[in-house]
Amino acid sequence: DKQDAWNGFNILHTAASRVAGLDMGFIPQTGGMALEAIIKGCKTGKIKTVFSLGADEIPADKFGDAFVIYQGSHGDQGAHRADIILPGVAYTEKDALWVNMEGRVQMGLQAVPAKGEAKQDWAIIRALSEHCQRTLPYDNIEELRAKLIADHPTFGGLDHAPGTQGAESFDPAKVGRAGKVLKAPLGSILGDFYFTNPIARASTVMAECSNVHNPISEAAE
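Mapping of the sequence shown onto the UniProt record's numbering: position 16 corresponds to residue 16, and the numbering continues sequentially without gaps.
Below, the structure written as structure tokens:
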């Protein structure tokens, strides 16, 4: 029976860029640290400098006394804490590849010119690599994408559903561990759905949506 053989286990990620990061193997390597360890390292003084690539969901005090370099587009929470700000362009100001929650690679095209001194994200990182005498092997977006596709072929096909090779051996029953089921109700990890990222928080439309969905009580005068 096909329905008996159907594996309905799935994961809904809470960060829009996480699927693309996993596809690229963008996880802590040998000697690397995950977010919790980075925050701990900042508080203990083990980590002296943090390069924040648009990470605006981390409370500013979590970085302790670390020197923070922020690269982003919307001047959100991360920029307020930063010691140095490297202005990047917004998503509407660049040609870029995106990966949706399903794993499909999609392409966005520049709609408007960049403002002020904002630069393409890849160009900022390329310039930094040269300054640090660790020059990255590309000088333009075409060379960068060629390198990306050579290292991770899945990025070479637009709007293709990801393959499922190896998924048949996955057993969701082996995920996690046995334990007592608590009676506490499940809660959302999101505060305000309409303000979950810096782009949304900078939007007047999203602010209106938030006010409609979460009306603010006004004190009587």
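Glycine included, every Cβ here is placed at the ideal spot set by N, Cα and C. Quick caveat, the model's predicted, so the values are computed rather than measured.
Integer-rounded CB distance, given that residue j should sit under 8 Å from residue i
i: residue 237; j: Glu93; result: Look at the range of the chain in this structure, 1 to 221, and you will see that residue 237 is not part of it.
i: residue 247; j: Ala66; result: The chain is shown from 1 up to 221; residue 247 falls before or after that span and cannot be answered.
i: Gly25; j: Gly54; result: The Cβ separation is near 20 Å, so there is no contact.
i: Leu158; j: Gln77; result: Leu158 to Gln77, Cβ: 33 Å. No contact.
i: Val68; j: Val89; result: At roughly 21 Å, the Cβ-Cβ gap does not stay under 8 Å, so Val68 and Val89 are not in contact.
Residue environment, residue i, which counts as buried when at least 16 other CB atoms sit within 10 Å
i: Glu218; result: Confidence at Glu218 is low in this model, with a pLDDT of 47, below 50, so its placement is unreliable and the value that follows should be read with caution. Answer is exposed; the Cβ neighbour count stays below 16.
i: Tyr70; result: buried
i: Tyr91; result: exposed
i: Pro198; result: buried
i: Leu190; result: exposed
i: Cys42; result: buried
i: Phe193; result: exposed
i: Ile39; result: buried
i: Phe170; result: exposed
i: Ser52; result: buried
i: His131; result: exposed
i: His80; result: exposed
i: Val19; result: buried
i: His74; result: buried
Secondary structure of residue i, DSSP reduced to three states
i: Thr92; result: helix
i: Tyr70; result: strand
i: Ile58; result: coil
i: Ile189; result: coil
i: residue 244; result: The chain is shown from 1 up to 221; residue 244 falls before or after that span and cannot be answered.
i: Leu136; result: coil
i: Ala219; result: With a pLDDT of 43 at Ala219, under the threshold of 50, the modelled position of this residue cannot be trusted; read the value that follows with caution. Coil at Ala219, not helix or strand.
i: Leu86; result: strand
i: Leu109; result: coil
i: Lys119; result: strand
i: Ser52; result: strand
i: Val175; result: coil
i: Phe35; result: First, the residue type needs correcting, since residue 35 is Leu and not Phe in the sequence shown. Of the three classes helix, strand and coil, the one that applies to Leu35 here is helix, per DSSP.
i: Val99; result: strand
Distance cut-off 6 Å: residue i Cβ against heavy atoms of the ligand ADP
i: Leu53; result: Inclusion of the ligand ADP in the displayed structure is not the case, the ligand content being empty and no account of it being possible.
**Prompt:** Per the contact definition of three or more C-beta pairs closer than 8 Å, is the segment 167-178 in contact with the segment 114-127?
**Reply:** no
**Request:** Pair every Cβ in the segment 10-30 with every Cβ in the segment 98-116, then say whether three or more of these pairs are closer than 8 Å.
**Result:** yes
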